[in-house]
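*Asks:* Chains as they are written, first to last, in the working numbering: chain G, 17 to 281; chain S, 530 to 937.
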Amino acid sequence: MRAYQDKKNVQAKAYYNDRFYVSPQIPKEEVSSDEIFAKDVKDLESAFSVKEAYIQRGQLVVYINADDNLKVMEFLRDKLQYNFLSELSAIDWLAKSGEFEIFYQMLSTSKRKRMRVKFFIKEKEEIKSVTSVYKSADWAEREMYDMFGVRITGHHYMKRILMPDDWHDHPLRKTYPLIGDEEAQWYEIDKIFGKEYRDIIGPEERDSARIVEKDTHRFARVKHEVPFGAEYSDEETQTEYQEEGGIPIVRKLKKSDVKILKERP
Amino acid sequence: MQKVNRLQPFFENLVFEREDNRMIVNFGPQHPSSHGQLRLVLELDGELVTKATPDVGYLHRGMEKMAENMIYNEFLPTTDRMDYIASTSNNYGFALAVEKLIDLDVPRRAKVIRMLLLELSRITSHLFWIACHALDVGAMTVFLYAFREREYAMDLFEEYCGARLTHSAIRIGGVPLDLPKGWLNSLTEFINKIPAAIETYEGLLDQNRIWKMRLEDVGVISPEMAQSWGCSGPMLRGSGIAWDIRKEEPYELYDEVEFDVPVTDRCDCYGRYKLHMQEMRESLKILKQLIPMYKETKPELMADAPRYISAPKEQIMTQNYSLMQHFVLVTQGMRPPVGEVYVVTESPKGELGFYINSQGDPYPYRLKLRAPSFWHTSILQDLLPGQYLADVVTMIGNANIVFGEIDR
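#1: Using only the alpha-carbon positions, how far apart do G/D162 and S/D794 sit?
#2: Leaving out the 5 sequence neighbours to the left and right, which residues in its chain are closer than 7 Å to S/T617 when beta-carbon positions are compared?
#3: Let me make sure I understand the geometry here. Which of S/E825, S/S902 and S/R895 has the alpha-carbon closest to that of S/R638?
#4: Decide if the region 757 to 776 of chain S is in contact with the region 715 to 731 of chain S; the criterion is three or more beta carbon pairs, one per stretch, under 8 Å apart.
#5: Please name the residue, chosen from S/L656, S/D890 and S/F856, that lies closest to G/K29 on a Cα-to-Cα basis.
#6: Return the first residue and the last residue of the alpha helix (DSSP H) that S/M924 is part of.
#7: If you drop the 5 nearest sequence neighbours on each side, which residues of the same chain put their C-beta closer than 7 Å to that of G/K138?
#8: Can you check whether the C-beta of S/N534 is within less than 7 Å of a C-beta belonging to chain G?
#9: List, in chain order, every chain S residue whose beta-carbon is nearer than 8 Å to that of G/I195.
#10: Identify the continuous beta strand (DSSP E) that holds G/M131 and give its terminal residues.
#11: With three or more C-beta pairs closer than 8 Å as the rule, is the region 811 to 822 of chain S touching the region 669 to 687 of chain S?
#12: What ranges does the beta strand (DSSP E) occupy inside the region 765 to 797 of chain S, keeping only unbroken runs of at least 3 residues that lie completely in it?
#13: Of all the alpha helix (DSSP H) runs that stay within the bounds of the region 132 to 192 of chain G, which reach a length of 4 or more residues?
#14: Select from S/N929, S/D665, S/E875 and S/G769 the residue whose C-alpha is nearest the C-alpha of S/N619.
#15: Between S/M530 and chain G, is any beta-carbon pair separated by less than 7 Å?
#16: Can you list, in chain order, the residues of its chain with a C-beta nearer than 8 Å to that of S/P914? Leave out the 5 residues immediately preceding and following it.
#17: Report the option in S/P752, S/T608 and S/R810 whose CA atom is closest to the CA atom of S/L898.
#18: Taking the beta carbon of S/M530 as the centre, do at least 16 other beta carbons fall within 10 Å, making it buried, or is it exposed?
#19: Given a cut-off of 7 Å, decide if G/I52 and G/Q72 are closer than it, judged by their beta-carbon atoms.
#20: Please name the residue, chosen from S/T923, S/G882 and S/Y674, that lies closest to S/A626 on a Cα-to-Cα basis.
#21: Determine which residues of the region 105 to 118 of chain G have a Cβ less than 8 Å from any Cβ of chain S, and write them out in chain order.
#22: Just list the residues that DSSP pairs S/R899 with in beta bridges.
#23: Do you know how far the Cα of S/T670 is from the Cα of S/N534?
#24: What are the residues in the region 586 to 618 of chain S lying within 8 Å of chain G by C-beta distance?
#25: Measure the CB-CB distance between S/N598 and G/Q27 and report whether it falls below 7 Å.
#26: Do the region 120 to 140 of chain G and the region 731 to 742 of chain S touch if we need at least three Cβ pairs shorter than 8 Å?
#27: Report the neighbours of S/Y871 on chain G: residues whose CB is nearer than 9 Å to its CB, in chain order.
#28: CB G/S145 to CB G/I168, shorter than 7 Å?
#29: My assumption, with CB atoms under 8 Å, is that S/H655 sits in contact with S/E808. Please give the rounded CB distance.
#30: Return the chain-ordered list of same chain residues with a C-beta closer than 7 Å to the C-beta of G/Q97, the five sequence neighbours on each side being excluded.
#31: In whole angstroms, what separates the C-alpha of S/E829 from that of S/H905?
#32: Verify the CB distance criterion: does G/M154 have a CB-CB separation below 7 Å to chain S?
#33: Quick check on this structure: which residue in G/G165, G/D231 and G/L178 has the alpha carbon closest to the alpha carbon of S/L938?
#34: Of all Cβ atoms in chain S, is any one closer than 7 Å to the Cβ of G/Y150?
#35: If distances are taken between C-alpha atoms only, which option among G/Y70, G/A200 and G/K140 comes closest to G/D182?
#36: Between G/Y213 and the rest of its own chain, which residues show a CB-CB distance below 8 Å, the 5 nearest in sequence each way excluded?
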């Protein structure tokens, strides 16, 4: 019997796990261990509710409320001098808790510090766009919507960015199939020719290395050759040789018989 | 978007019978100077751009998805295909991110070799940039000259790792190969050859009337705009903000070598052109300092971390446990600790960041690639309105965008 696979997460998984293996953790340091970060968190806490804050590998990580995102960004830019939003994206935890984790990666060039602002949202919850604070969020939010289906309000041009506009599903979700995507194999045929041509053309061949024995357009079988595009046949091909009075294919070439022509006949 | 009647031609770019002087032009995706597959929908008033909408995604290969389904070592060659002009910088960015994740220190010789490759790829990238940019603007000679010099750098790469474009010459935990015999001599020759070449380009371009007319005061990015749009690298330093990750958050041995960070507050394309030229000189300076540093190092090339990195080949062939560990690492992959890192490096184009979220599995749970070109393309929608159609090409070329990186 085939092993059961959880449809909520169809990504590659380790085929062997040691029962007694405990993963080590990257240490989370106290915020108070860094002066600048300690002050930043203190300032943040005075204006917003901070759920959790720690330092990991030299960068501050702060968890906030999802509703506060726009205001926190404004605060970070204007009060705490985090002048760059260098990255923004989501992490899919739908299989585990039905949530997305959103992170904003910030940089302050004056303090030479990087921090990460994070929060959780439910699958269909909407978040506010931060494009009014950092314009760099423009494409990053579009990508987040494209890849995860995170809904964003207040964006001036919310449209898919990397995938085609009418694409089905969001590719970076853990539920998105790795191969055998029903919608994808018909996408180009539907788009270019129309649905009615599905029977004539057939699904898109997704395995580029597949060999189709009966396809005489792209494949030839040794000793069963047929003309290009002709019907497949199982009969052995008759090969004629010059020595036996056939077409000019020489079975064995003798050097003494070779004539070099001066001109093309 | 095209609809319903699919077999009918659809002219979304042509608006017939209009009385005003407005037109919508589809720039690309097959335009020779769109540097790949960039489609720009430009709304023109006469020759003035009133609105620009960049459209990307034609080279989307889903690298982040691929990364989530590959073990860490498997994904490394894929990063070559991001910024394929300087692939070593991507390999390095990824390797460094994983090394930060597992908290690994790399042997000194590997660090020196990595820096040699990184700076060499920076020069390759800048040479390619000046070549294509000059060609876009109409200076064919510079294109031919710069490609010749780029070939010398590619030969050096070929001599080291066998590949010219997709190197994969950096591994997680070090480098796989030592420098071949005589490589440093070839490098010295290269270092001596390039300054004269840069002078040639500058001689051709600096005071060139056409070049100046087409670059000066074109594509002005104010410091506020650069910050808000998340610019990095030469695009940021061209706006007067001195921020070079090699200097500010030094990795490898960048804190041991001496180099300057060229900055200009001209904010226009010409300023950024001068910046690229200067950066090549600084890279040469770093390369020059690395040669004696290399000679002082011990011959170790890979970090000693049996939990994550395979032992050297000799050890694998002689010691049973090393062989077992190697087998496990190749078939199952390393299992980094649980946690997340965001690691940045200064790639030739700007800030190249890798965000890795690890749940202790051999596959990253989430890997986000922060490619500088993506952000530099998004600024076009703010930069192009108010400019002339002819300057669009200059600005795209000047932004140094590479589509392998934008679409990932």
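Note that CB positions come from ideal geometry on N, CA and C, so glycine has one too.
*Replies:* This is what the structure holds:
#1: If you number the first sequence from 1, residue 162 of chain G lands on position 146. If you number the second sequence from 1, residue 794 of chain S lands on position 265. Per the coordinates, the alpha-carbon of G/D162 lies some 36 Å from the alpha-carbon of S/D794.
#2: The residue you call residue 617 of chain S lines up with position 88 of the second sequence. Within the same chain, S/T617 has close Cβ partners L646, L647, S650, H696, A698 and I699.
#3: Here residue 638 of chain S refers to the residue found at position 109 of the second sequence. Of S/E825, S/S902 and S/R895, the residue nearest in Cα terms is S/E825.
#4: No contact exists between the region 757 to 776 of chain S and the region 715 to 731 of chain S.
#5: The residue you call residue 29 of chain G lines up with position 13 of the first sequence. Checked all of S/L656, S/D890 and S/F856; the closest Cα to G/K29 is S/D890.
#6: Mapped onto the second sequence, residue 924 of chain S falls at position 395. S/M924 -> alpha helix (DSSP H) spans L918 to N927.
#7: As a first step, residue 138 of chain G must be located in the first sequence, where it is residue number 122. For G/K138, where only same-chain residues beyond five positions count, the Cβ hits under 7 Å are G114 and E115.
#8: Taking the first residue of the second sequence as 1, we reach residue 534 of chain S at position 5. Residue placement at S/N534 is flagged as unreliable, the pLDDT there being 49, under the threshold of 50; the coordinate-derived value follows with that caveat. For S/N534, the answer is no, since every Cβ of chain G falls outside 7 Å of its Cβ.
#9: Here the question's residue 195 of chain G lines up with position 179 in the first sequence. Chain S residues near G/I195: none, gap ~10 Å exceeds 8 Å.
#10: Within the first sequence, numbered from 1, the residue matching residue 131 of chain G stands at position 115. Its beta strand (DSSP E) spans residues K129 to K138.
#11: no
#12: none
#13: 153 to 164
#14: Within the second sequence, numbered from 1, the residue matching residue 619 of chain S stands at position 90. Comparing Cα-Cα distances from S/N619 to each of S/N929, S/D665, S/E875 and S/G769, the minimum goes to S/E875.
#15: Reading the second sequence from its first residue, position 1 is the one you call residue 530 of chain S. Its pLDDT being 49, under 50, S/M530 is placed unreliably in this model, and the coordinates cannot settle the point.
#16: In the second sequence, the residue the question calls residue 914 of chain S occupies position 385. Here the set comprises V578, T579, K580 and A581.
#17: As a position in the second sequence, residue 898 of chain S is number 369, starting the count at 1. For the residues S/P752, S/T608 and S/R810, the minimum Cα distance to S/L898 belongs to S/T608.
#18: Along the second sequence, read from residue 1 onward, the residue named residue 530 of chain S stands at position 1. Reliability fails at S/M530, whose pLDDT of 49 lies under 50, so the model's placement of it is uncertain and no value is given.
#19: Numbered from its first residue, the first sequence carries residue 72 of chain G at position 56. Numbered from its first residue, the first sequence carries residue 52 of chain G at position 36. Going by C-beta atoms, G/Q72 is not nearer than 7 Å to G/I52.
#20: By one-based count along the second sequence, residue 626 of chain S stands at place 97. Here the closest residue by C-alpha is S/G882.
#21: Answer set for the region 105 to 118 of chain G: S105, I107 and D108.
#22: As a first step, residue 899 of chain S is located in the second sequence; it is residue number 370 there, counting from the start. The partner list for S/R899 (beta bridge, DSSP) reads S/G882.
#23: Taking the first residue of the second sequence as position 1, residue 534 of chain S is located at position 5. Taking the first residue of the second sequence as position 1, residue 670 of chain S is located at position 141. Because S/N534 carries a pLDDT of 49, less than 50, the predicted location of this residue cannot be relied on, and no value is offered for it.
#24: G586, H589, G591, E593, K594, E597, N598 and M599
#25: Here the question's residue 598 of chain S lines up with position 69 in the second sequence. Here the question's residue 27 of chain G lines up with position 11 in the first sequence. Yes, Cβ-Cβ distance for S/N598 and G/Q27 is below 7 Å.
#26: no
#27: One-based indexing of the second sequence puts residue 871 of chain S at position 342. Within chain G, the residues near S/Y871 are R73, Q75, S102, E103, F119, Q121, R130 and R132.
#28: As a working mapping, residue 145 of chain G is identified with position 129 in the first sequence. As a working mapping, residue 168 of chain G is identified with position 152 in the first sequence. Closer than 7 Å, so yes.
#29: As a position in the second sequence, residue 655 of chain S is number 126, starting the count at 1. As a position in the second sequence, residue 808 of chain S is number 279, starting the count at 1. Confirmed, Cβ separation roughly 6 Å.
#30: Here residue 97 of chain G corresponds to residue number 81 of the first sequence, with the count starting at 1. Closer than 7 Å at the Cβ level, and outside the excluded window around G/Q97, lie S124, S126 and K127.
#31: For the purposes of this step, residue 829 of chain S is taken as the residue at position 300 of the second sequence. For the purposes of this step, residue 905 of chain S is taken as the residue at position 376 of the second sequence. Cα to Cα, S/E829 sits roughly 39 Å from S/H905.
#32: The residue given as residue 154 of chain G occupies position 138 in the first sequence. Looking at the sequence shown, residue 154 of chain G is not Met but Asp. Closer than 7 Å to some Cβ of chain S, the Cβ of G/D154 qualifies, so yes.
#33: Since the first and last residues shown for chain S are 530 and 937, residue 938 of chain S lies out of range.
#34: Within the first sequence, the letter at position 134 stands for residue 150 of chain G. It does; some Cβ of chain S falls within 7 Å.
#35: Here the question's residue 182 of chain G lines up with position 166 in the first sequence. Ranking the options by Cα distance to G/D182, first place goes to G/A200.
#36: Along the first sequence, read from residue 1 onward, the residue named residue 213 of chain G stands at position 197. These residues qualify, in order along the chain: I205.
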